[in-house]
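Chemist: Sharing a structure, written as structure tokens. Questions coming.
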Amino acid sequence: MNLTFLFDRVMVAYVARRLALAGVMLFGLVCLTFVIANVAPSDPAALAAGPDAGHSQIEQARREYGLDKPLPEQFLRYVGDLAQGEFGRSVATGRSVGRDLARYFPATLELCLVAMSIGLLVGIPLGMLSALFKDRWLDHLTRIFAVSGIALPPFWFGLLLQLGFATWLGWLPTSGRLGVATEPPEPITGMLLLDSLLRGDPALFAESAGYIILPAVVLSLPCLASILRVNRSEMVECLRADYITAARAHGTVPWRLVAVHALKNAMLPTLAIIGLRWGWMMSSTVLVETVFDWPGTGLYAVSSAIAGDFKPVMGVTLIVGLNFMLANLVVDLLYGALDPRLRDA
Amino acid sequence: MSPGSDGRSADTRGELNRPRETLLAITDYRLAFDSFDGTAQVLDGVSLQLAAGETLGIVGETGCGKSVLARSLLRLNPAPPARVVSGSIQFEGTDILTLSEREMRRLRGRRIAMVFQDPVSYLNPLLAIGPQMTDALRGQHAAAREAQPSRAEARARAAALLASVGLAEPERLLASHPHQLSGGMRQRVLIAMALAGNPALLVADEPTTALDVTVQAQVLALIAGLVRDRGLALLLISHDLGVIAASCARVAVMYAGTIVEEAATATLLRGPRHPYAQGLLAAVPDLDRPDHRPRGIAGSIPNLLRPPPGCRFHPRCALATERCRVEKPLLRQVAPGHNVACHHA
């Protein structure tokens, strides 16, 4: 893949434009989360003051958190804080949301990265094979697999896997990121698999891999299924293309025809679905993290939302939105790397 | 190029070619395409012979099966739906219809090569010219179980091939993508690819149809030069009698999946014997006689799912009799080197 075009002057301008656009979208997202947080029927001041607080204590908490100020002023302060990287304070725990996110986000990112790797490493080859053996038993098998992958509710499938692999077979742990007895390492990236490798600790790597595999499989399934299906149908088209007939006539070996000449063309639409799925995955960790008690942003957002604590929910929403925008940008740039016609346009 | 001088030169070339050994012999070749609507008899008993170094044109309307015949020589028709019903295609003494796919790969590009109609769709849009050519070159070595040339060697050979078809700056071309080239350049690239394995037979399927008129003449001259210099046998498929007259010593007229007439090009142009060939020539406008209006052939080509019984041309033929409706006319010699499939010729 040719990435040198990224340093082209035109390309730098393009990326700058896209980033500026992402900034505008991010501002829209900030406005939206702020409005939603303020129209929700819950009183953060009452929450902050605690269940037994009297009227005056609640009012005091309201002043303390600046909740007595007019909404426009609150909004300006919120945006001002965000600009300095400050997400505000959780009213339930009093902890900095930014610091909480720094702790929970790597867990979610790690889970999503592993899940997406499974989706790519299984989905693309299976899609290719299904296209090669179109309408044969393998194709029918992957079709059933893909349809159930999209249709199975993740919490149900997650419970099923826990029952099978943790309770009955006892091969894998049920939930969490590490065993209670294991001391988590001082974080470098906060992602246990990566940190254990960086610190040269294979035992820790194996343990955290054991913990991540079930939630990652559950999270990857809908993503894997759609990558498989899109890749299959695109491969079917590309294998029929004239340029494949010509390359075959000229003597190109079959595996290169499939794995390079056709796959490269089939990857363009597949890339679009990968970008979308990555965005959705970040936001759909909520269910999986709840089932597997995975201490990530999904679980953090759910427990905060249940408590009526909105600063953390707003923080998570921003992170998820930002991730979606970045994924779109990366996909656009990869399009350029893959398709020379776009580079010259 | 005036048609008269070309007719003569083609004639003398034909005389020179006659005594050489047979390179290709197609005998009673029948190919069917299966579909939900039934079976289409696309090729209905085609017989043709081609000597080494000989040039043969196949002319016919769109849908008469000439491209399918061309692809049959490299076994590029996808099966299913294509199905060989009967017949044989002897190439250098072996029936290619009995070869395994692996054995067939040794012929593709090395013994038989193909030039395609539309160079836009027959070049991979996402791959640079270099890898497309080197993949073909290395694939030919792999199929022949020879040591593969290194990438650098293959690239040097590709550059030499590009130079041999009259393309300037071959090194820069190897790094270019198809969309950066003009139509004529793309067709030259495809011709260079076809020459990569130093084949004995070049099959050209409408090689100039998608090109501008001026470029057409250049590409035809290039092909004619290569055929002359390298002693290639040429099978040129076209719907344009002018193109064939300019490059082929012999011509076969195809109608609805059968060869209806075959003769030296000059002979056929002077005195076609089959009513369809006569109609085809009458449809060519004559620039020397502006008062002479070209006449079309009444009716349209038959539906090959339900071809007419007997002679496939009889519903459109002015001479048709009861015998034509019942009995299929076989190709028979009416003069030395002149065969016609008509009861009335």
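Heads up: the sequence lines are chains R and C, in that order.
Using our numbering, you'd call the opening residue of the first sequence number 1 and step up by one each time.
Using our numbering, you'd call the opening residue of the second sequence number 346 and step up by one each time.
Yeah, the Cβ is synthetic: ideal placement off N, Cα and C, and Gly gets one too.
1. Over what stretch of residues does the beta strand (DSSP E) that includes D337 of chain C continue unbroken?
2. Between R:G190, R:T189, R:L204, which lies nearest to S196 of chain R when the distance is taken from Cα to Cα?
3. Find the residues of chain C that neighbour T252 of chain R, judging by a C-beta separation of less than 7 angstroms, and give them in chain order.
4. To test your reading of the DSSP string, which unbroken alpha helix (DSSP H) runs of 4 or more residues are found completely within the stretch 472-499 of chain C?
5. So H522 of chain C contacts chain R; which residues on that side make the cut at Cβ distance below 7 angstroms?
6. Please look up how many angstroms separate the CB atoms of G388 of chain R and Q74 of chain R, rounded, as I've assumed it's under 8 angstroms.
7. May I ask you to report which of helix, strand or coil DSSP gives S226 of chain R?
8. To be precise: take each residue of the stretch 637-665 of chain C, compare its Cβ to all Cβ atoms of chain R, and keep it if any distance is under 8 angstroms. Which residues remain?
9. If you follow the beta strand (DSSP E) that I457 of chain C is in, where does it begin and where does it stop?
10. Measure from the C-beta of S466 of chain C to each C-beta in chain R and report whether the shortest distance is under 8 angstroms.
11. Per DSSP, which one or two residues make a beta bridge with Y600 of chain C?
12. Can you find a CB in chain R that lies within less than 8 angstroms of the CB of P470 of chain C?
13. Answer yes if the stretch 174-186 of chain R comes into contact with the stretch 98-105 of chain R, meaning at least three C-beta pairs across the two stretches below 8 angstroms, and no otherwise.
14. Under DSSP, the beta strand (DSSP E) around H683 of chain C begins and ends at which residues?
15. Less than 8 angstroms between the CB atoms is what I'm expecting for A691 of chain C and V679 of chain C, so what's the real figure, rounded?
16. For I150 of chain R, which residues from the same chain have a beta carbon less than 6 angstroms from its beta carbon, with the 5 sequence-adjacent residues on both sides left out?
17. Going by DSSP, what residues sit across from L547 of chain C in a beta bridge?
18. Is there a C-beta anywhere in chain R that falls below 8 angstroms from the one on L577 of chain C?
19. Considering only residues of the same chain and omitting the five flanking positions on each side of A608 of chain C, which have a CB-CB separation below 6 angstroms?
20. Report all residues from its chain with a CB closer than 8 angstroms to the CB of L329 of chain R; omit the five preceding and five following residues, and keep chain order.
21. So with CB distances below 9 angstroms, who are the chain R contacts of F461 of chain C?
22. Below 8 angstroms on the Cβ atoms is my contact criterion, and I expect D550 of chain C with Q462 of chain C to pass it. Report the Cβ-Cβ distance as a whole number of Å.
23. As a quick exercise: from C:L546, C:I474, C:A578, C:L580, pick the residue whose alpha carbon is nearest that of R455 of chain C.
24. State the DSSP-derived secondary structure class of T439 of chain C, mapped to helix, strand or coil.
25. If you draw a straight line from the alpha carbon of D293 of chain R to that of M314 of chain R, how long is it in whole angstroms?
26. What does H140 of chain R reach in chain C if we use C-beta pairs closer than 7 angstroms?
27. On a CA-only basis, which of C:R651, C:R375, C:I371 is nearest Q394 of chain C? Give me that one, please.
28. Taking just the CA atoms, how far does L322 of chain R sit from A427 of chain C?
29. For N265 of chain R, which residues in chain C fall below 8 angstroms Cβ to Cβ?
30. If I measure Cβ to Cβ from A46 of chain R and keep anything under 6 angstroms in the same chain, skipping five residues before and after, which residues do I get?
31. Could you tell me whether the Cβ atoms of V316 of chain R and Y300 of chain R are closer together than 8 angstroms?
32. Let me check one thing: in DSSP terms, what residues is Q678 of chain C bridge-paired to?
33. According to DSSP, simplified to helix, strand and coil, what is Q386 of chain C?
34. Tell me, please, whether the CB atom of R517 of chain C is closer than 8 angstroms to any CB atom in chain R?
35. Whether or not the stretch 333-342 of chain R and the stretch 111-122 of chain R are in contact is what I'm after, with contact meaning three or more pairs of Cβ atoms, one per stretch, closer than 8 angstroms; do they touch?
36. Taking a Cβ distance cut-off of 7 angstroms, strictly less, list which residues of the stretch 255-285 of chain R are near chain C, in chain order.
Modeler: On the basis of the data shown:
1. No statement about residue 337 of chain C is possible, as the shown extent of chain C runs from 346 to 690 and does not include it.
2. Out of R:G190, R:T189, R:L204, R:L204 has the C-alpha closest to the C-alpha of S196 of chain R.
3. Here the neighbours are D480, A481, G484.
4. As far as the stretch 472-499 of chain C is concerned, its whole alpha helix (DSSP H) runs of at least 4 residues are 474-488.
5. Chain-order list of chain R residues neighbouring H522 of chain C: P340, by C-beta distance under 7 angstroms.
6. The requested residue 388 of chain R is not part of the displayed model; chain R covers only 1 to 345.
7. If DSSP states are grouped into helix, strand and coil, S226 of chain R belongs with the helices.
8. Result list empty, no residue passes.
9. For I457 of chain C, the uninterrupted beta strand (DSSP E) run begins and ends at 457-460, by DSSP.
10. So yes, S466 of chain C belongs to the interface.
11. Bridge partners of Y600 of chain C: C:T603.
12. It does: the Cβ of P470 of chain C has a partner Cβ on chain R nearer than 8 angstroms.
13. Contact annotation: the stretch 98-105 of chain R does not touch the stretch 174-186 of chain R, with fewer than three C-beta pairs closer than 8 angstroms.
14. Boundaries of the beta strand (DSSP E) harbouring H683 of chain C: 683-685, taken from the DSSP string.
15. An answer regarding residue 691 of chain C cannot be provided, because it is not within the stretch 346 to 690 covered by chain C.
16. Result list for I150 of chain R: P222, A225, in chain order.
17. Paired residue(s): C:A458, C:L579.
18. No, L577 of chain C lies away from the interface with chain R (no Cβ there is under 8 angstroms from its Cβ).
19. Counting only Cβ-Cβ distances below 6 angstroms, and skipping sequence neighbours, we find H683.
20. Only V15, R18, L19, A22 meet the Cβ criterion.
21. Residues of chain R with a Cβ closer than 9 angstroms to the Cβ of F461 of chain C are, in chain order, D242, T245, A246, A249.
22. Cβ atoms of D550 of chain C and Q462 of chain C come within 8 angstroms of each other, at about 5 angstroms.
23. The candidate whose alpha carbon is nearest that of R455 of chain C is C:L546.
24. DSSP places T439 of chain C in strand when its eight states are reduced to three.
25. Rounded to whole angstroms, D293 of chain R to M314 of chain R spans 21 angstroms at the Cα level.
26. Neighbours of H140 of chain R on chain C: none; closest Cβ ~17 angstroms, over 7 angstroms.
27. Of all alpha-carbon atoms in C:R651, C:R375, C:I371, the one lying nearest the alpha-carbon of Q394 of chain C is that of C:I371.
28. Taking the straight line joining both Cα atoms gives about 52 angstroms.
29. Taking the beta carbon of N265 of chain R as reference, the chain C residues within 8 angstroms of it are N469, P470, L471, listed in sequence order.
30. Same-chain partners within the cutoff: I58.
31. Taking a C-beta distance under 8 angstroms as the contact criterion, V316 of chain R and Y300 of chain R qualify as a contact pair.
32. According to DSSP, which records beta bridges pairwise, Q678 of chain C is partnered with C:N684.
33. If DSSP states are grouped into helix, strand and coil, Q386 of chain C belongs with the strands.
34. No, its Cβ sits nowhere closer than 8 angstroms to a Cβ of chain R.
35. In this structure the stretch 111-122 of chain R does not lie against the stretch 333-342 of chain R, because fewer than three pairs of beta carbons, one per stretch, are closer than 8 angstroms.
36. For the stretch 255-285 of chain R, which is checked against every Cβ of chain C, the residues closer than 7 angstroms are R256, H261, K264, N265.
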